[in-house]
Structures are given as C-alpha cells and as structure tokens.
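Accompanying notes for the structure given below.
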Ligand code: HEC
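The structure is reproduced here in structure tokens:
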C-alpha cells in the first residue's frame, strides 16, 4: 500500500478549496492506496474516537458530575485514541491552546489549526473543516473540533471553582479555558506512515 506523494498536490481543506475529494482520489494511482481511501479511513477513526469519547463523557457528567468526568478526559481520551491507533495509524487530539502539554501541536498541525481558524472566521461551517495531505510518505489528516455547550463546564470562562481547582492541579499549564460555543476548541489529528 503506497501512495505516490508527488503524483498529486493533494491538499484538501474543505471550504477553502472546493476540489471534491473524489477528483483527487481519481488522480492518484488507482492500484495504490489513494488519498481518498485514506481519508475515508481517517474519517471512520475520528467518528469512532469522537463517538466513544462523547458517550463516556456525557454518561459520566450525568451520573457522577464534572469532577469525575475530568478523569474521562484525563485517562480515557488517550486510551480511546490508543485503541483506534491500529495498523500504523496515530490518532490524537490537539489545539492551539492545550490543556495537556502532551497534546501540543506539531508545526504542520499549528498551520492547519490556524487555517481552520481563518476559515471559521470567514463563516465556514466548523463541522466541514478538514485537511488531508501526504508529506514525506506520511498521510496526514485533521478534523476540526468545535466547542459545544457541554464543553463549557471545563473549557469555558465561568467554571465551578472546585472543578477549576481540580483541573489546575492536574494541569498546571492549562491554556484551554475561556472558550465560547462555536469557537474552534481543537482538532483530531491522524497520521499514517506510508513507507
Ligand atoms: C469534565 C471536563 C471536560 C469536559 C466537559 C470537556 N473537556 Fe476537553 N479536556 C478536559 C481535560 C481534563 C483535557 C486534557 C486531556 C488530556 O490529558 O489529554 C481535555 C482536553 C481536550 C482536548 C485536547 C487538547 C488539549 O487541550 O489538551 C480537546 C480538543 C478537548 N478537550 C475538547 C473538548 C470538547 C470539544 C468538549 C465538549 C464536547 C470537551 N473537551 C469537554 C476536560 C473536559
């Protein structure tokens, strides 16, 4: 399974370039793994990760409250990411402002996140913001994560003081507060080694 990185300049930034993914997929070598196939696989992984995390978070918030739910994000989010990181894939979450320094973006991720911010400011629906490319025989994919109302308990401006203290004790370098609904909280970021 190889993708010819130089066969097409394959950047997909939904909303920015209106090149349909299928067109790029056709331009890639048909016998080899196409950018389109990899993107479809990446989307499936993001869905699985997002769904599982959201479900667990919601359940814990409802049954045990926000303090316990911090543990979900603290321990389960990386565990779920790990569980979908199979067959050469690396699945993670990142942001321009991170809570956990381990989630800090690489340079290319920073650039994609900044482009997402610009697109969002220009009125693009955050649900459609995604990116896919192959660089140095590595497939890269990112999908924006918008801030929803449920996120504000832990990422908003007015947090419960006890909760705030708990988060601060776990994450002394926390930058991920002060968000409003609709803002870009971060992104799912996936890579797959194609060597
Ligand atoms: C119960 C508290 C809580 C809620 C609610 C919550 N988060 Fe978080 N969030 C956290 C914690 C704790 C981390 C750090 C996780 C880690 O250690 O990797 C985190 C990390 C993240 C990250 C990874 C980047 C970073 O800042 O380290 C993203 C992206 C994120 N949250 C998005 C969201 C979104 C979107 C929602 C709403 C759907 C949400 N969170 C709801 C507590 C919460």
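In mature numbering (1 follows the signal peptide of the UniProt record, and there is no 0), the protein residues as written are -25 to -1, 1 to 170. Beta carbons: idealized from backbone N, C-alpha and C, even for Gly. None of these values were measured; they are calculated from a predicted model.
Between residue 120 and ligand 1, is the CB less than 7 angstroms from at least one heavy atom? On the chain shown, position 145 is the one that residue 120 refers to. For ligand 1, at least one heavy atom lies less than 7 angstroms from the Cβ of residue 120.
Nearest by alpha-carbon distance to residue 12: which of 130, 108, 152 is it? Your numbering for residue 12 matches position 37 in the chain shown. Of the listed residues, the one whose Cα sits closest to residue 12 is 108.
Give, in chain order, every unbroken run of the beta strand (DSSP E) that is at least 3 residues long and sits entirely within the region 103 to 154. 105 to 110, 113 to 121
Would you grab the beta carbon distance between residue 114 and residue 24 for me? Rounded to a whole angstrom, and I think it's under 8 angstroms. One-based indexing of the chain shown puts residue 114 at position 139. One-based indexing of the chain shown puts residue 24 at position 49. 17 angstroms between Cβ atoms; not a contact.
Determine which residues share a DSSP beta bridge with residue 168 and list them. Translated into positions along the chain shown, residue 168 becomes position 193. Residue 168 is bridged to 113.
Residue 82 and residue 70: beta carbons closer than 8 angstroms? Against the chain shown, residue 82 aligns to sequence position 107. Against the chain shown, residue 70 aligns to sequence position 95. The answer is no: Cβ separation not under 8 angstroms.
Quick check on the DSSP output: the beta strand (DSSP E) that includes residue 67 runs from which residue to which? The count along the chain shown starts at 1 and reaches residue 67 at position 92. First-last of the beta strand (DSSP E) with residue 67: 64 to 69.
Hey, how far is the Cα of residue 134 from the Cα of residue 41? Your numbering for residue 134 matches position 159 in the chain shown. Your numbering for residue 41 matches position 66 in the chain shown. Taking the straight line from one Cα to the other gives about 10 angstroms.
Inter-residue spacing [alpha-carbon to alpha-carbon] between residue 185 and residue 57: Coverage of the chain is limited to positions -25 through 170, which leaves residue 185 absent and any answer about it impossible.
Among 138, 104, 86, which has the Cα closest to the Cα of residue 39? Looking up residue 39 in the chain shown gives position 64. When only C-alpha atoms are compared, the closest one is 138.
For the candidate residues 105, 165, 101, 16, whose alpha-carbon lies nearest to that of residue 123? Taking the first residue of the chain shown as 1, we reach residue 123 at position 148. When only C-alpha atoms are compared, the closest one is 101.
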